[in-house]
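Enquirer: My structure is below; once you've seen it, I'll send some questions.
In the UniProt record's numbering, the protein residues as written are 1 to 250.
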């Protein structure tokens, strides 16, 4: 893991997970069932399993050899549905995997459609195109597997760095929680990429922001105090003038 650290740190944001499931205690037990998708897309968390089960169900239909074209024609609906869901919802935590899924479903749809047309005896379909689509589908599948492995290695390194940084904090200091490390508001407010910052640096950012806020509040309180003193002085002068005039009238 340490030897891969320099390479993992240079990965672009679209190749690494965009968030994490928390709290950590729940993520370690049953969070793996949702680890592939982002928040709000839990109903697509098992999209790969559903796709595989549906394809196996259709391919196992008890039809004769002369009706294999019908099986492939019906099977075209499955990758087409997955293609629409991926483009419409974009559920994957790793943005790269979303578009690799789009390519996989698109190539699967084209491969099954061409196979169905060839089984139907349509002579206008070029048979040489089918091996090219199959080869491209295999390449996309291998790329998706590689992307999954790289994303898991990056996330494991990120978690280890967080644990190491939390261990170096003083015992009296309040270490940031895991929820604070990936808080969405901080991503939009901070000009730096906090997903790759350690908690120590994050504390420095928060302490500097707190210092700025406290200094501005002190300035405001001082200005309000000075204003109130001026008002008191003016009132005292006014009272003195009134007393002098009353004595002069007597």
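Heads up, the beta-carbon is just placed ideally off N, CA and C, and yes, glycines get one too.
Given the structure is predicted, the values throughout are model-derived calculations rather than measurements.
Just to confirm my understanding: we take residue 129, look at its own chain, exclude 5 residues before and 5 after, and list those with CB closer than 8 Å. What are they?
Expert: Numbered from 1 along the chain shown, position 129 holds the residue referred to as residue 129. Within the same chain, residue 129 has close Cβ partners 114.
Enquirer: Rounded to whole angstroms, what is the Cα-Cα separation between residue 34 and residue 95?
Expert: Counting from 1 along the chain shown, the entry for residue 34 is found at position 34. Counting from 1 along the chain shown, the entry for residue 95 is found at position 95. Roughly 15 Å separates the two Cα atoms.
Enquirer: According to DSSP, is residue 37 part of a helix, a strand, or is it coil?
Expert: Walking along the chain shown from the start, residue 37 turns up at place 37. Strand at residue 37.
Enquirer: If you measure between the beta carbons of residue 153 and residue 8, is that distance less than 8 Å?
Expert: Here the question's residue 153 lines up with position 153 in the chain shown. Here the question's residue 8 lines up with position 8 in the chain shown. The answer is yes: Cβ separation under 8 Å.
Enquirer: Just to check my reading of the structure: residue 107 and residue 133 have Cβ atoms closer than 8 Å, yes? What is that Cβ distance to the nearest angstrom?
Expert: Translated into positions along the chain shown, residue 107 becomes position 107. Translated into positions along the chain shown, residue 133 becomes position 133. With 8 Å as the limit, residue 107 and residue 133 qualify as a contact, their Cβ atoms being about 6 Å apart.
Enquirer: Where residue 145 and residue 122 are concerned, what is the direct C-alpha to C-alpha distance, given to the nearest angstrom?
Expert: Working through the chain shown from its first residue, we reach residue 145 at position 145. Working through the chain shown from its first residue, we reach residue 122 at position 122. Cα-Cα distance, rounded: 35 Å.
Enquirer: With a threshold of 7 Å (Cβ to nearest heavy atom), would residue 150 be considered close to the ligand ATP?
Expert: Absent from the structure shown: the ligand ATP. Ligands present: none.
Enquirer: For residue 76 and residue 116, which I take to be in contact (beta-carbon distance under 8 Å), what is that distance rounded to the nearest angstrom?
Expert: As a first step, residue 76 is located in the chain shown; it is residue number 76 there, counting from the start. As a first step, residue 116 is located in the chain shown; it is residue number 116 there, counting from the start. That belief holds up - the Cβ atoms of residue 76 and residue 116 are roughly 7 Å apart, short of 8 Å.
Enquirer: What is the rounded straight-line gap between the Cα of residue 13 and the Cα of residue 40?
Expert: Mapped onto the chain shown, residue 13 falls at position 13. Mapped onto the chain shown, residue 40 falls at position 40. Roughly 20 Å between the two C-alpha positions.
Enquirer: I'd like the list of long-range same chain contacts for residue 80, defined as Cβ closer than 6 Å, with 5 residues on each side in sequence excluded.
Expert: As a working note, residue 80 is residue 80 in the chain shown. The answer, listed in chain order, is 109.
Enquirer: Skipping 5 residues on each side, what residues in its chain have a beta carbon closer than 6 Å to that of residue 92?
Expert: Against the chain shown, residue 92 aligns to sequence position 92. So the list reads 98, once near-sequence residues are dropped.
Enquirer: For residue 139, name the three-state secondary structure that DSSP assigns.
Expert: Within the chain shown, residue 139 is the residue found at index 139, counting from 1. It is helical.
Enquirer: Throw me the rounded Cβ distance for the residue 38 and residue 58 pair, which I believe falls under 8 Å.
Expert: Against the chain shown, residue 38 aligns to sequence position 38. Against the chain shown, residue 58 aligns to sequence position 58. The Cβ separation is near 29 Å, so there is no contact.
Enquirer: Measure the Cβ-Cβ separation of residue 155 and residue 6 and say whether it is below 8 Å.
Expert: Position 155 of the chain shown, counted from the first residue, corresponds to residue 155. Position 6 of the chain shown, counted from the first residue, corresponds to residue 6. No, the Cβ-Cβ distance between residue 155 and residue 6 is not below 8 Å.
Enquirer: Could you check which residue in 30, 82, 236 and 159 has the C-alpha nearest to that of residue 53?
Expert: Within the chain shown, numbered from 1, the residue matching residue 53 stands at position 53. Of 30, 82, 236 and 159, the residue nearest in Cα terms is 82.
Enquirer: Ignore the nearest five residues each way along the sequence and tell me which others in residue 55's own chain have a CB closer than 7 Å to its CB.
Expert: On the chain shown, position 55 is the one that residue 55 refers to. Only 75 and 78 meet the Cβ criterion.
Enquirer: Roughly how many whole angstroms lie between the Cα atoms of residue 24 and residue 147?
Expert: Residue 24 sits at position 24 when you count from the first residue of the chain shown. Residue 147 sits at position 147 when you count from the first residue of the chain shown. Going from the Cα of residue 24 to the Cα of residue 147 covers about 23 Å.
Enquirer: Looking at the structure shown, is residue 92 part of a helix, part of a strand, or coil, going by DSSP?
Expert: Indexing the chain shown from 1 puts residue 92 at position 92. Strand at residue 92.
Enquirer: Who are the Cβ neighbours of residue 15 in its own chain at under 6 Å, not counting the five residues just before and after it?
Expert: Position 15 of the chain shown, counted from the first residue, corresponds to residue 15. Here the set comprises 96.
Enquirer: Nearest to residue 51 by CA position, among 26, 30, 69 and 86, is which residue?
Expert: The residue you call residue 51 lines up with position 51 of the chain shown. Considering only alpha carbons, the answer is 86.
Enquirer: Please give the ranges of any beta strand (DSSP E) in the region 16-79, keeping only runs that are unbroken, at least 3 residues long and fully inside the region.
Expert: Whole beta strand (DSSP E) segments, 3+ residues: zero.
Enquirer: So, using beta-carbon positions, are residue 89 and residue 44 closer together than 8 Å?
Expert: By 1-based counting over the chain shown, the position of residue 89 is 89. By 1-based counting over the chain shown, the position of residue 44 is 44. The answer is yes: Cβ separation under 8 Å.
Enquirer: For residue 137 versus residue 127, is the C-beta spacing smaller than 8 Å?
Expert: Position 137 of the chain shown, counting from 1, holds the residue named residue 137. Position 127 of the chain shown, counting from 1, holds the residue named residue 127. No. Outside cutoff.
Enquirer: When the Cα atoms are used, what is the spatial distance from residue 65 to residue 140?
Expert: As a working note, residue 65 is residue 65 in the chain shown. As a working note, residue 140 is residue 140 in the chain shown. If you take the alpha carbons of residue 65 and residue 140, they lie about 30 Å apart.
Enquirer: Use the C-beta contact count for residue 104: other C-beta atoms within 10 angstroms, 16 or more gives buried, fewer gives exposed.
Expert: Reading the chain shown from its first residue, position 104 is the one you call residue 104. So residue 104 ends up on the buried side.
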